[in-house]
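Right, one structure below, let's go through it.
Protein chains: 2
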Amino acid sequence: MNRYMEIYADLKSRILNKTYLTGTLLPSENKLATHYQVSRETIRKALVLLLENGYIQKKQGKGSIVLDVQRFDFPISGLTSYKELQDSQNIHSQTLVHSLEKIRISKEFSAKIDLPINTEVWALMRQRKIDGEVIILDKDYLLTAIVPTLPIEEAENSIYLFLETKKQLAISYAQKEIVVEKVTEEDQQLMTLREEDTHVVVVRSRVYLEDTRLFQYTESRHRLDKFRFVDFARRRHA
Amino acid sequence: MNRYMEIYADLKSRILNKTYLTGTLLPSENKLATHYQVSRETIRKALVLLLENGYIQKKQGKGSIVLDVQRFDFPISGLTSYKELQDSQNIHSQTLVHSLEKIRISKEFSAKIDLPINTEVWALMRQRKIDGEVIILDKDYLLTAIVPTLPIEEAENSIYLFLETKKQLAISYAQKEIVVEKVTEEDQQLMTLREEDTHVVVVRSRVYLEDTRLFQYTESRHRLDKFRFVDFARRRHA
DNA sequence: TAGTGGTCTAGACCACTAT
DNA sequence: TAGTGGTCTAGACCACTAG
């Protein structure tokens, strides 16, 4: 752990602890530098993390204002996965692996995702149950070249967890798209849909590793009434 | 303009120009520092901007890899407003101001947005037409305490543009929520909905100023078939 | 005017990648 | 081993806020 990460974690916990109250100012950068026995630039790196994650707002000549962090709950934003979400929200749910098989990318599919025809991938389909109803249908495609084995027990939990801890793969960034589409026959069969459900929310993601290789394509299909996406956004000044 | 912003802009344009090609490495930080006649830390600040905006991917011991920026088009993410979006996408559209009036926050409404009861706000309702059809219905509420006057001509364009250039208000960050809801009677009357449109996508935003004051609450209602949200996300390491 | 955050420097050492 | 990015320092000057 780097020094500025440690300081970030410490300040963050103090904000969550209410040691630093909403609306008040953090100690100045110089004071923090003295307190943590580091240079001011190191403090500033920690503060950038607080800023980016919505814990503080900085104002030149004034200081760092603590934000109301309670309001910014439920961060599906970023690359948070279903399992992480579930843990943080105490949602009682269950994952059913519907199918797991090796396939090769067809011509039509190749156009949709940007993988060459015939690339071998794991095709994983999972149903996410909440209170006995299948609310989400997850369709994942992972390159077998990067993930040779995919135990079915792992698929029942978080794939990200498995890949990051056991396979030492560094997931770095993703492109995500949210649209609403008409339900397919597959949705009808595999999800708990009501009569009024003519559409589902579809979240498509392409996930890349640190070395910029694409290794996962995901299609997550959500029942309309259970879908919610929350984002904390800072205005780009560039 | 700061030096690192200038360097960011320059490197960004070179990437878009194809001076630096997708998949190749940028010159090393030391070389860039020599070339731009600045210290390495200044170069690093410029590279952080490229990183955050999805132009490069860095790898320790290797270098900064140029990403395929074409793929990351259509950024509704962040705080981009409708007008900015329209400009960058060449969409032919039209904005109709349906109503603009001063109102006071009611008890029920106060619970939904976090403003005290009786706060005076501008209530602005706009219809967004594309190819003759009203696709989006925007409902904005702006604090009159912060924006005393709101000319109707300005409302027909971008409110952000008006506030930032003419009123010198610094918009800083927002919390955004996307859900799907049943159409209301109001939607039926003010939007071009088809028989199958039983739901609309609702994007709710709370927008804050640099001094952390909330000053705008927005509800943007989109026809299902025309809604698309794209996001570039980096995995949080904290 | 004193104190704050914003920018920038010149140098150091470390961890990682490639050869 | 040479070169890369990652971290950290101690200091400087500037722009902004508030009393």
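If you're matching them up, the sequences are chains A and B in order.
Just so you know, we're using the numbering used here here: the first sequence kicks off at 41 and counts up by one.
Just so you know, we're using the numbering used here here: the second sequence kicks off at 41 and counts up by one.
Don't be surprised by glycine CBs; every beta carbon is placed ideally from N, CA and C.
The structure displayed is predicted, hence computed values, not measured ones.
Item to complete: Check the DSSP bridge columns for Y248/B and list the partner residues they point to.
Response: Looking up residue 248/B in the second sequence gives position 208. DSSP lists Y213/B and L254/B as partners of Y248/B.
Worksheet item: Between I145/B and chain A, is there a C-beta pair that is closer than 7 Å?
Response: Start at 1 with the first residue of the second sequence, and residue 145/B comes out as number 105. Judged by the 7 Å Cβ criterion, I145/B is not in contact with chain A.
Worksheet item: Does Q228/A get closer than 7 Å to chain B when you measure Cβ to Cβ?
Response: Here residue 228/A refers to the residue found at position 188 of the first sequence. With 7 Å as the cut-off, Q228/A does not count as an interface residue toward chain B.
Item to complete: Report all residues from its chain with a CB closer than 8 Å to the CB of A151/A; omit the five preceding and five following residues, and keep chain order.
Response: The sequence position of residue 151/A within the first sequence is 111, counting from 1. Hits under 8 Å: none found.
Worksheet item: Is the CB of T252/A under 7 Å away from at least one CB in chain B?
Response: As a position in the first sequence, residue 252/A is number 212, starting the count at 1. Yes, because at least one Cβ of chain B sits closer than 7 Å to the Cβ of T252/A.
Discussion item. I need the straight-line Cα distance from E236/A to L164/B, nearest angstrom please.
Written reply: Counting from 1 along the first sequence, the entry for residue 236/A is found at position 196. Counting from 1 along the second sequence, the entry for residue 164/B is found at position 124. Spanning the two alpha carbons is a distance of roughly 32 Å.
Practice prompt. Give me the Cα-Cα distance between Y33/A and Q256/A, rounded to the nearest whole angstrom.
Written response: Lying before the first or after the last residue shown, residue 33/A is absent from chain A, which here runs from 41 to 278.
Practice prompt. Using a threshold of 7 Å, state whether the C-beta atoms of L282/B and R244/B are closer than that.
Written response: Residue numbering for chain B in the displayed model covers 41 to 278; residue 282/B lies beyond these limits and cannot be assessed.
Worksheet item: R43/B CB to nearest chain A CB: under 7 Å?
Response: Taking the second sequence and counting its residues from 1, one reaches residue 43/B at position 3. Contact of R43/B with chain A is not assigned, every C-beta pair being separated by 7 Å or more.
Worksheet item: Between the stretch 209 to 223 of chain B and chain A, which residues of the former have CB atoms less than 9 Å from a CB of the latter, in chain order?
Response: A210, I211, S212, Y213, A214, Q215, K216, E217, I218, V219, V220, E221 and K222
Practice prompt. Could you tell me which of T238/A, E196/A and Y200/A sits nearest to V187/A, measuring between CA atoms?
Written response: Residue mapping note: residue 187/A aligns to position 147 of the first sequence, counting from 1. Residue Y200/A is the option with its Cα nearest to V187/A.
Practice prompt. For chain B, find out if any of its Cβ atoms is closer than 7 Å to the Cβ of L66/A; answer yes or no.
Written response: As a first step, residue 66/A must be located in the first sequence, where it is residue number 26. So, not an interface residue.
Worksheet entry | Continuous alpha helix (DSSP H) stretch holding I192/A: start and end | For the purposes of this step, residue 192/A is taken as residue 152 along the first sequence, with counting starting at 1. From DSSP, the alpha helix (DSSP H) with I192/A extends over I192 to A195.
Discussion item. My output table needs one value for I176/B: the three-state DSSP class, helix, strand or coil.
Written reply: Position 136 of the second sequence holds residue 176/B. DSSP places I176/B in strand when its eight states are reduced to three.
Worksheet item: In angstroms, rounded to a whole number, what distance separates the CA positions of I170/B and S133/B?
Response: Here residue 170/B refers to the residue found at position 130 of the second sequence. Here residue 133/B refers to the residue found at position 93 of the second sequence. Those two C-alpha atoms are separated by around 5 Å.
Discussion item. Please identify, using Cβ separations under 8 Å, the residues of the stretch 93 to 109 of chain B that lie next to chain A, in order along the chain.
Written reply: Answer set for the stretch 93 to 109 of chain B: N93, G94, Q97, K99, I105 and L107.
Discussion item. From the DSSP secondary-structure annotation, give me the bridge partner or partners of K99/A.
Written reply: The residue labelled residue 99/A in the question sits at position 59 within the first sequence. Paired residues: G103/A.
Worksheet item: Considering only residues of the same chain and omitting the five flanking positions on each side of V106/B, which have a CB-CB separation below 8 Å?
Response: In the second sequence, counting from the first residue as 1, residue 106/B sits at position 66. Within the same chain, V106/B has close Cβ partners I55, Y60, L61, T62, G63, T64, L65, L66, Y95 and I96.
Fill in: Of the listed residues D108/B, R263/B, E259/B and F267/B, nearest to F149/B (C-alpha basis)
The residue labelled residue 149/B in the question sits at position 109 within the second sequence. Out of D108/B, R263/B, E259/B and F267/B, E259/B has the C-alpha closest to the C-alpha of F149/B.
Worksheet item: When DSSP builds the beta bridges, which residues end up paired with F358/B?
Response: Lying before the first or after the last residue shown, residue 358/B is absent from chain B, which here runs from 41 to 278.
Worksheet item: For H138/A and chain B, any beta-carbon pair shorter than 7 Å?
Response: Locating residue 138/A in the first sequence gives position 98, where the first residue counts as 1. With 7 Å as the cut-off, H138/A does not count as an interface residue toward chain B.
Worksheet item: How about I83/A and L72/A: are their beta carbons less than 7 Å apart?
Response: Counted from its first residue, the first sequence places residue 83/A at position 43. Counted from its first residue, the first sequence places residue 72/A at position 32. Yes, Cβ-Cβ distance for I83/A and L72/A is below 7 Å.
Item to complete: Using three-state DSSP, classify V78/B as helix, strand or coil.
Response: The sequence position of residue 78/B within the second sequence is 38, counting from 1. For V78/B, the three-state secondary structure derived from DSSP is coil.
Item to complete: Please confirm if L264/A has its CB atom under 7 Å from at least one CB of chain B.
Response: Here residue 264/A refers to the residue found at position 224 of the first sequence. The beta carbon of L264/A sits closer than 7 Å to some beta carbon of chain B.
Item to complete: Helix, strand or coil for L119/B, going by three-state DSSP, please let me know.
Response: Within the second sequence, the letter at position 79 stands for residue 119/B. Since pLDDT at L119/B reaches only 42, below the 50 mark, its modelled position is unreliable, and no value is offered.
Practice prompt. Enumerate in chain order the residues of its own chain whose CB-to-CB distance from I47/B is below 6 Å, with the five nearest sequence positions on each side excluded.
Written response: Numbered from 1 along the second sequence, position 7 holds the residue referred to as residue 47/B. Hits under 6 Å: Y76 and A86.
Practice prompt. Rounded to whole angstroms, what's the CA-CA distance from L230/B to Q228/A? Just pull it up for me.
Written response: The residue you call residue 230/B lines up with position 190 of the second sequence. The residue you call residue 228/A lines up with position 188 of the first sequence. Between the alpha carbons of L230/B and Q228/A lies a gap of roughly 32 Å.
Worksheet item: Who are the neighbours of V241/A on chain B, taking C-beta pairs under 8 Å?
Response: In the first sequence, counting from the first residue as 1, residue 241/A sits at position 201. The answer, in chain order, is V220.
Practice prompt. Report the three-state DSSP secondary structure of M41/A (helix, strand or coil).
Written response: As a working note, residue 41/A is residue 1 in the first sequence. Three-state DSSP puts M41/A in coil, outside helix and strand.
Item to complete: Take the Cβ of L155/B as the centre, count every other Cβ of all protein chains shown within 10 Å, and call the residue buried at 16 or more, exposed below.
Response: The residue given as residue 155/B occupies position 115 in the second sequence. L155/B is buried by the Cβ-count criterion.
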